[in-house]
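> Mind having a look at this structure? Questions to follow.
There are 2 protein chains.
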Amino acid sequence: MNPKQYIENHKERFLSELLEWLKIPSVSTESSHTADMKRAAEYLCKQLTSLGLERVSVLPTKGHPVVFAQKIINPSLPTVLIYGHYDVQPTDSSDGRTWTSPPFEPVVRDGKIYARGATDDKGQVYIHVKAIETLLNTTGLTCNVKFLIEGEEEIGSPHLGEFVEQHRNLLQCDVILISDTSILDNDIPSMTVSLRGLSYVEVEVSSANKDLHSGVYGGAVANPINVLCQMIASLHDANRRITIPGFYDNVIQLSEEERKLRQVPFDVEEYKKMLGIPDVWGEKGYTVPELTSIRPTLDVNGIWGGFTGEGSKTVLPSKAFAKISMRLVPNQTCDEITALFTKYFLQIAPPSVRVKVTSRHGGDPYMTNTNSMFFKAAEKAYERTFGKKPLYEGSGGSIPIIPMLKKHLGVDAVLMGFGLDSDDAHSPDEHFGLFNYYIGIQTVVAFYEELPNFF
Amino acid sequence: MNPKQYIENHKERFLSELLEWLKIPSVSTESSHTADMKRAAEYLCKQLTSLGLERVSVLPTKGHPVVFAQKIINPSLPTVLIYGHYDVQPTDSSDGRTWTSPPFEPVVRDGKIYARGATDDKGQVYIHVKAIETLLNTTGLTCNVKFLIEGEEEIGSPHLGEFVEQHRNLLQCDVILISDTSILDNDIPSMTVSLRGLSYVEVEVSSANKDLHSGVYGGAVANPINVLCQMIASLHDANRRITIPGFYDNVIQLSEEERKLRQVPFDVEEYKKMLGIPDVWGEKGYTVPELTSIRPTLDVNGIWGGFTGEGSKTVLPSKAFAKISMRLVPNQTCDEITALFTKYFLQIAPPSVRVKVTSRHGGDPYMTNTNSMFFKAAEKAYERTFGKKPLYEGSGGSIPIIPMLKKHLGVDAVLMGFGLDSDDAHSPDEHFGLFNYYIGIQTVVAFYEELPNFF
Numbered sequence: 009m010n011p012k013q014y015i016e017n018h019k020e021r022f023l024s025e026l027l028e029w030l031k032i033p034s035v036s037t038e039s040s041h042t043a044d045m046k047r048a049a050e051y052l053c054k055q056l057t058s059l060g061l062e063r064v065s066v067l068p069t070k071g072h073p074v075v076f077a078q079k080i081i082n083p084s085l086p087t088v089l090i091y092g093h094y095d096v097q098p099t100d101s102s103d104g105r106t107w108t109s110p111p112f113e114p115v116v117r118d119g120k121i122y123a124r125g126a127t128d129d130k131g132q133v134y135i136h137v138k139a140i141e142t143l144l145n146t147t148g149l150t151c152n153v154k155f156l157i158e159g160e161e162e163i164g165s166p167h168l169g170e171f172v173e174q175h176r177n178l179l180q181c182d183v184i185l186i187s188d189t190s191i192l193d194n195d196i197p198s199m200t201v202s203l204r205g206l207s208y209v210e211v212e213v214s215s216a217n218k219d220l221h222s223g224v225y226g227g228a229v230a231n232p233i234n235v236l237c238q239m240i241a242s243l244h245d246a247n248r249r250i251t252i253p254g255f256y257d258n259v260i261q262l263s264e265e266e267r268k269l270r271q272v273p274f275d276v277e278e279y280k281k282m283l284g285i286p287d288v289w290g291e292k293g294y295t296v297p298e299l300t301s302i303r304p305t306l307d308v309n310g311i312w313g314g315f316t317g318e319g320s321k322t323v324l325p326s327k328a329f330a331k332i333s334m335r336l337v338p339n340q341t342c343d344e345i346t347a348l349f350t351k352y353f354l355q356i357a358p359p360s361v362r363v364k365v366t367s368r369h370g371g372d373p374y375m376t377n378t379n380s381m382f383f384k385a386a387e388k389a390y391e392r393t394f395g396k397k398p399l400y401e402g403s404g405g406s407i408p409i410i411p412m413l414k415k416h417l418g419v420d421a422v423l424m425g426f427g428l429d430s431d432d433a434h435s436p437d438e439h440f441g442l443f444n445y446y447i448g449i450q451t452v453v454a455f456y457e458e459l460p461n462f463f
Numbered sequence: 009m010n011p012k013q014y015i016e017n018h019k020e021r022f023l024s025e026l027l028e029w030l031k032i033p034s035v036s037t038e039s040s041h042t043a044d045m046k047r048a049a050e051y052l053c054k055q056l057t058s059l060g061l062e063r064v065s066v067l068p069t070k071g072h073p074v075v076f077a078q079k080i081i082n083p084s085l086p087t088v089l090i091y092g093h094y095d096v097q098p099t100d101s102s103d104g105r106t107w108t109s110p111p112f113e114p115v116v117r118d119g120k121i122y123a124r125g126a127t128d129d130k131g132q133v134y135i136h137v138k139a140i141e142t143l144l145n146t147t148g149l150t151c152n153v154k155f156l157i158e159g160e161e162e163i164g165s166p167h168l169g170e171f172v173e174q175h176r177n178l179l180q181c182d183v184i185l186i187s188d189t190s191i192l193d194n195d196i197p198s199m200t201v202s203l204r205g206l207s208y209v210e211v212e213v214s215s216a217n218k219d220l221h222s223g224v225y226g227g228a229v230a231n232p233i234n235v236l237c238q239m240i241a242s243l244h245d246a247n248r249r250i251t252i253p254g255f256y257d258n259v260i261q262l263s264e265e266e267r268k269l270r271q272v273p274f275d276v277e278e279y280k281k282m283l284g285i286p287d288v289w290g291e292k293g294y295t296v297p298e299l300t301s302i303r304p305t306l307d308v309n310g311i312w313g314g315f316t317g318e319g320s321k322t323v324l325p326s327k328a329f330a331k332i333s334m335r336l337v338p339n340q341t342c343d344e345i346t347a348l349f350t351k352y353f354l355q356i357a358p359p360s361v362r363v364k365v366t367s368r369h370g371g372d373p374y375m376t377n378t379n380s381m382f383f384k385a386a387e388k389a390y391e392r393t394f395g396k397k398p399l400y401e402g403s404g405g406s407i408p409i410i411p412m413l414k415k416h417l418g419v420d421a422v423l424m425g426f427g428l429d430s431d432d433a434h435s436p437d438e439h440f441g442l443f444n445y446y447i448g449i450q451t452v453v454a455f456y457e458e459l460p461n462f463f
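Chains as they are written, first to last, in my numbering: chain A, 9 to 463; chain B, 9 to 463.
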């Protein structure tokens, strides 16, 4: 049987297995879900074992465990390490939107799977599981494969670095293959060739040793919320450039020619309409696709302080807090930018408050080697299944694990994403198209089929 | 028996009755406490009835009810209307401090009553109840008295205006007497001669129609938190003056001479130490006592938006919110300032966001007539019980009810406060000194004794 026929014949089961996995609420950031994390890892192991993979195991880390499996068909052939994650984002939202159906009761509606983790990243991980199954049951593998599926991607992979160092031999490979990104549209295939890095910090501004009456003390005691706002505001200038000294020093400035090469179809009116925004925003002089890929950002992800309940309370609060993240581009590094931010933020604090900055997590930006045989095989695979060459795209998101894996394992990564930016990855009603799931499996199968042509 | 002896003889009971009242969690801003509000009003009625007062009743409003009582000894004598409130602030705090003992299980520790409402305002209201009891059981009243004790002061008295209008005859009086302020210290008696007004608003800044992934969209979509911070920051200039056009137009600028007259003893180092602040803050050119009395302010009382939970979430939120209040001074008015704020805040909003401003509540600032017979009798009363003349003090707080009552009833107010600024009125561990409670009763008794001397 050819692989295409095999996929067609097992469509229903491929879907139902994924839905079962999506039922497990593997929210890595919430300690109440620790047992669910283990269940999610074990479910994946069971599936990998049933394919006949070797050394299938749930390996402990200092945090949530890692799932490993491999199939070595010939040690002299290249080895592909499939990286992904089985943990998911929390399900709450701050925008008042709620889930149409519960996040951990997956359903298929209008040709899409609705569930937390559907696209990010369980659905995209499962594409690889089913592609390998397909090959093993039809034409066979063309190289060795390993699976490294972690449980802490959504919290910044705090323990994976140590794990990879300790298991360097086990994880030895020639390329890392990842499906955790998007294509531009279902009829515009694209491959992510660069990723932004991330520096995520939490800041605290404190004034008096307790909450005060805003009438009795207001006007003479610094209000930590007002001060925090002032400090955050001063991090951008009128052209929306970030004001932290040295912030742009290592940013690669693309030439006009390079910028042209990366142009992708984009309709600003459609974009505004889809997001319901009165206007776009951003650093002067760049297009929206550029702002979200080749330019760094500074966004407040959360802010809180004082009285936030029902009604009104005239309090002059003691503290105010914010979670701030910066998206980084080549050749900024997380360590460098975190240090620059911290230094500047402490420096701009007025003398009437105390300021604390805590680094939460981060990762360096990344650029793919588009000349490797693995990238070329992947590019060809998209062309075969989508019927057109994929565009090169810079992604705004971060996969800090990639530069980290590159450092420890010494190999490049190829990003074969099949989601859409409109999948609501970190929002309520996260979904993943059935079209995307199945074409993903076909494309990954095609990748292995094409690979020997580029050896 | 003379009044002093009577107070001494009934000290224990005067205290235990107040403690009973403090046990009732009459938090007006939380709808879960509606039944407690009624219980607190009824408890007070029971006490007033037992004194032999007339027309004691719990009168409905569109919100929490009002307690009324009166004793008319001679219609040709002046009538004092005692105003106060039986509602209290919520008990939560944003500064991490907690209550040493539960807020609604009052205890006496180190000579102080610890409970929510101890000083603001149940304890100070009960001073009047016990002063009237003392007089009725000893030398008798020297004028007519009425009680008007409301249940919505902490939420801005939204229904009292309508109530007063409807009960104008019932409430007819010659002066309003209020104990809801502080003295400078237990050996520095003072009388509050001015109060700041208040304009309390809630603002909402919104961008996209849902929470977005900060990697995918960050840099091209306005972040409502960053924008809100920018807008809040721009409300003060470098000299910490408020930038809203016209904001200071009606502020009475005191002459150097007037400023000297209002000087009160103040130790800035002591103040910094007490509050645990590295430095004071505020509009350039004014002392701390001035900043908190004769100058207006703009403070953010609460801010929230995005992800504020444990861990980190890279969300570009859809909305951000803040509660902002402005303290006003003569001759600013709440309506004028609320309108100026709203206009300016909408005007400074960048085109990439939507902004909403909602007025929550407020009140006008107030200045006492220090030449009235009521003020003079009160001044003399302090001098008798404290052994020295009270200083005149401008208070930073607001009692919006005063200008409102003045408008409807056409009479002035005299503020006889007995608390201390350090009583933690709106914070955990609110307390009220036993010294202050008892000297308050004595001073109010002395007020009625002195009053005929100024007829």
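Heads up, the beta-carbon is just placed ideally off N, CA and C, and yes, glycines get one too.
Does the distance from the C-beta atom of residue 352 (chain A) to that of residue 146 (chain A) stay below 8 angstroms?
In this structure, residue 146 (chain A) does not lie closer than 8 angstroms to residue 352 (chain A) by Cβ.
> Could you pull the DSSP bridge partners for residue 312 (chain B) from this structure?
The partner list for residue 312 (chain B) (beta bridge, DSSP) reads A:312, B:329.
> Is it right to say residue 231 (chain B) is buried, meaning 16 or more other beta carbons lie within 10 angstroms of its own, or is it exposed?
Buried, since its Cβ has 16 or more Cβ neighbours within 10 Å.
> Would you mind listing the beta strand (DSSP E) stretches within the stretch 62 to 96 of chain B that are 3+ residues and don't spill past its ends, in chain order?
Within the stretch 62 to 96 of chain B, the complete beta strand (DSSP E) runs of at least 3 residues are 62 to 67, 74 to 79, 87 to 93.
> To which residues of the same chain is residue 61 (chain A) closer than 7 angstroms at the C-beta, ignoring the five residues directly before and after it?
Taken in chain order, the residues that qualify are 77, 78, 79.
> Do the stretch 181 to 199 of chain A and the stretch 420 to 429 of chain A touch if we need at least three Cβ pairs shorter than 8 angstroms?
Yes, the stretch 181 to 199 of chain A touches the stretch 420 to 429 of chain A.
> When you check each C-beta in the stretch 313 to 328 of chain A against every C-beta of chain B, which residues fall closer than 9 angstroms?
Of all residues in the stretch 313 to 328 of chain A, 313, 314, 315, 316, 317, 318, 319, 320, 321, 322, 323, 324, 325, 326, 327, 328 have a Cβ within less than 9 angstroms of some Cβ in chain B.
> What's the C-alpha gap between residue 36 (chain B) and residue 95 (chain B)?
Approximately 6 angstroms between the Cα atoms of the pair.
> Could you please give the first and the last residue of the uninterrupted alpha helix (DSSP H) stretch that includes residue 131 (chain B)?
Unbroken alpha helix (DSSP H) run through residue 131 (chain B): 130 to 144.
> Mark residue 106 (chain B) as exposed unless 16 or more other C-beta atoms lie within 10 angstroms of its C-beta, in which case mark it buried.
Flag for residue 106 (chain B) reads exposed.
> Nearest by alpha-carbon distance to residue 433 (chain A): which of A:463, A:111, A:64, A:176 is it?
Comparing Cα-Cα distances from residue 433 (chain A) to each of A:463, A:111, A:64, A:176, the minimum goes to A:111.
> List, in chain order, every chain A residue whose beta-carbon is nearer than 7 angstroms to that of residue 307 (chain B).
Ordered by position in chain A, the residues that pass the 7 angstroms Cβ test against residue 307 (chain B) are 222, 226, 231, 234, 324.
> Residue range of the alpha helix (DSSP H) that residue 298 (chain B) falls in?
Element bounds for residue 298 (chain B): 296 to 299.
> Is it right to say residue 248 (chain A) is buried, meaning 16 or more other beta carbons lie within 10 angstroms of its own, or is it exposed?
Result: buried.
> Using CA coordinates, which residue listed in B:123, B:414, B:45, B:377 is at the minimum distance from residue 400 (chain B)?
It is B:377 whose Cα lies nearest to the Cα of residue 400 (chain B).
> Any chance the CB of residue 453 (chain B) is under 7 angstroms from a heavy atom of the ligand COA?
Because no ligand of any kind appears in the structure shown, any question about the ligand COA cannot be addressed here.
> Roughly how many angstroms lie between the CA atoms of residue 290 (chain A) and residue 216 (chain B), to the nearest whole one?
Taking the straight line joining both Cα atoms gives about 14 angstroms.
> What does the Cβ neighbour count give for residue 40 (chain B), buried or exposed, with the cut at 16 atoms within 10 Å?
So residue 40 (chain B) ends up on the exposed side.
> May I ask which residues mark the beginning and end of the beta strand (DSSP E) holding residue 453 (chain A)?
Segment 442 to 458 is the alpha helix (DSSP H) holding residue 453 (chain A); no beta strand (DSSP E) there.
> What residue range is occupied by the uninterrupted alpha helix (DSSP H) comprising residue 416 (chain B)?
Per DSSP, residue 416 (chain B) belongs to the alpha helix (DSSP H) from 409 to 417.
> Quick check on the burial criterion: 16 or more other C-beta atoms within 10 angstroms. Buried or exposed for residue 68 (chain B)?
That one is exposed.
> Tell me the residue span of the beta strand (DSSP E) that contains residue 235 (chain B).
Here residue 235 (chain B) belongs to no beta strand (DSSP E); instead the alpha helix (DSSP H) covers 232 to 241.
> Are the C-beta atoms of residue 10 (chain B) and some chain A residue less than 8 angstroms apart?
Residue 10 (chain B) does not count as touching chain A.
> Report back the beta-carbon spacing between residue 336 (chain A) and residue 205 (chain A) to the nearest angstrom; my notes put them in contact at under 8 angstroms.
With 8 angstroms as the limit, residue 336 (chain A) and residue 205 (chain A) qualify as a contact, their Cβ atoms being about 3 angstroms apart.
> Do residue 92 (chain B) and residue 184 (chain B) have their C-beta atoms within less than 8 angstroms of each other?
Not in contact: residue 92 (chain B) and residue 184 (chain B) (Cβ atoms no closer than 8 angstroms).
> Measuring CB to CB, does residue 354 (chain B) end up less than 8 angstroms from residue 361 (chain B)?
No, they are not a contact pair.
> Does DSSP put residue 159 (chain B) in a helix, a strand or coil?
It is coil, neither helix nor strand.
> By the criterion of Cβ-Cβ separation under 8 angstroms, what are the contact partners of residue 299 (chain B) in chain A?
Result: 227, 228.
> For the stretch 60 to 80 of chain B, list every residue whose C-beta sits within 7 angstroms of some C-beta in chain A, in sequence order.
Those would be none; no residue qualifies.
> Give the range of the beta strand (DSSP E) segment to which residue 202 (chain B) is assigned.
198 to 203 is the span of the beta strand (DSSP E), which, as asked, contains residue 202 (chain B).
> Which runs of the alpha helix (DSSP H) spanning at least 4 residues fall entirely within the stretch 244 to 307 of chain A, listed in chain order?
Complete alpha helix (DSSP H) runs here, min 4: 264 to 269, 276 to 283, 296 to 299.
> Of all the options A:180, A:75, A:63, which has the alpha carbon lying nearest to the alpha carbon of residue 87 (chain A)?
Comparing Cα-Cα distances from residue 87 (chain A) to each of A:180, A:75, A:63, the minimum goes to A:180.
> Per DSSP, which one or two residues make a beta bridge with residue 207 (chain A)?
Partner(s): A:334, A:370.
> Any chance the stretch 23 to 35 of chain B sits against the stretch 122 to 136 of chain B, with 3 or more Cβ pairs inside 8 angstroms?
They touch, by the three-pair rule.
> Determine whether the Cβ of residue 404 (chain B) lies closer than 8 angstroms to any Cβ atom of chain A.
Interface residue, yes.
> Between residue 273 (chain B) and residue 328 (chain A), what straight-line distance do the alpha-carbon atoms span, to the nearest angstrom?
The straight-line gap from Cα to Cα measures roughly 32 angstroms.
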